[in-house]
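Enquirer: Basically the numbering used here = 1-based index in the sequence shown + 30.
One structure, pasted below without further comment.
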Amino acid sequence: MIIAICLLLAATAVFYVFYLPGKLYLGPKKTRAAYLRERKDVVYENLRDLNFEYKAGKLPDADYASLKSNLQDEAATLLAEISRLESRLSPATSPATKRA
31 MIIAICLLLA
41 ATAVFYVFYL
51 PGKLYLGPKK
61 TRAAYLRERK
71 DVVYENLRDL
81 NFEYKAGKLP
91 DADYASLKSN
101 LQDEAATLLA
111 EISRLESRLS
121 PATSPATKRA
């Protein structure tokens, strides 16, 4: 009898752990542009932190310059790709057509 109860308990635990409902909610779908904007925000925050650490005297000039250059390059790449994606999505509302 005890073995049967243990087996039933084990089967229930395995079912509870591994059972997947028919539909899973995985959250909102992320677009490439949304991902790039989030990454841009992270890079900007890293630049702010880097400037703070440098002004606090925790980084030598050479390291600061190297890290700042890398982060600025990454930010420029992200901004270019975001701009390219946005211009592809809505060419009628691009800045070039607003001037005309």
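Using N, Cα and C, we set each Cβ at its ideal position, and we do this for glycine too.
1. How many angstroms separate the CA atom of Gly-52 from the CA atom of Pro-58?
2. With a CB to CB cut of under 7 Å and the five nearest residues on each side skipped, what residues in its chain are close to Leu-89?
3. Helix, strand or coil for Thr-42 per DSSP?
4. Which whole-angstrom value is the C-beta distance of Arg-27 and Leu-115, which I expect to be below 8 Å?
5. Can you tell me which of Glu-111, Arg-118, Leu-38 puts its alpha carbon nearest to the alpha carbon of Glu-68?
6. Return the chain-ordered list of same chain residues with a C-beta closer than 6 Å to the C-beta of Val-73, the five sequence neighbours on each side being excluded.
7. Give the straight-line distance between the Cα atoms of Met-31 and Leu-56, rounded to the nearest whole angstrom.
8. Considering Cα atoms alone, identify which of Arg-78, Asp-93, Ala-86, Leu-66 is closest to Leu-109.
9. By Cβ distance, which residues of its chain are closer than 7 Å to Ser-99, with the 5 residues on each side in sequence left out?
10. Measuring only the C-alpha atoms, how far is Ala-43 from Leu-54?
Expert: Once the coordinates are examined:
1. 18 Å
2. Glu-83
3. helix
4. Residue numbering for the chain in the displayed model covers 31 to 130; residue 27 lies beyond these limits and cannot be assessed.
5. Glu-111
6. Leu-101, Glu-104, Ala-105
7. 42 Å
8. Leu-66
9. none
10. 20 Å
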